Amino acid sequence: MPKLLAQPKKLSSNYIPDKLPHREKTIESIKRLMMGDAYYVKLQVQGPAGSGKTSSVIHATRRLPVKTIYLNMKILRSQYTAYKSMLEQIIEGNVSRSLSPGEML
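Per the working numbering, residue 88 is the first one in the sequence shown, and the count goes up by one each step.
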């Protein structure tokens with residue numbers, strides 16, 4: 088039986104292609120910022136929906152020797168869920184539900 092889709096993962100909302108045409112300058116700017124002398128870099132990217140913000144940042148940082156975390160604030164709508172997600176990505180494990188946002192910091 089033939090497959091309906093040859094590469095179904097390309098339809099995933101998490102899929103980032105290997106090449107992002109017309110975003111080379113943006114990607115290089117992000118790489119330079121992330122590889123600068125600063126110990127800690129906070130990057131906030133703004134733009135209209137579907138303009139490639141998330142894809143550009145993930146593409147730029149995926150091969151850099153730096154630890155990155157990703158927060159989708161559309162999903163993480165509270166301070167608690169944002170801090171919990173940050174901590175879980177940093178320690179690479181589960182965080183106790185009994186901790187308050189202040190205790191997580």
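Heads up, the beta-carbon is just placed ideally off N, CA and C, and yes, glycines get one too. These numbers come from a predicted model, not from an experiment.
Asked	Found
Burial state of Val-128 (16 or more Cβ within 10 Å)	exposed
Inter-residue Cα distance where the pair is Thr-113 and Pro-104	16 Å
Identity of the residue in Ile-162, Ala-147, Glu-190, Tyr-170 nearest Met-121 by Cα	Ala-147
Cα-Cα separation, Ser-100 to Leu-158	15 Å
Touch test, the segment 138 to 157 against the segment 180 to 191, Cβ-Cβ under 8 Å, three pairs minimum	no
Contacting residues, own chain, Cβ-Cβ under 8 Å from Gln-176 (five flanking each side not counted)	Ile-156, Tyr-157
Secondary structure of Ala-125, DSSP reduced to three states	coil
Residue environment, Ile-178, which counts as buried when at least 16 other CB atoms sit within 10 Å	exposed
Nonlocal neighbours in the same chain, by C-beta distance under 8 Å from Arg-110, ignoring five residues either side	Gly-139, Ser-142, Ser-143, His-146
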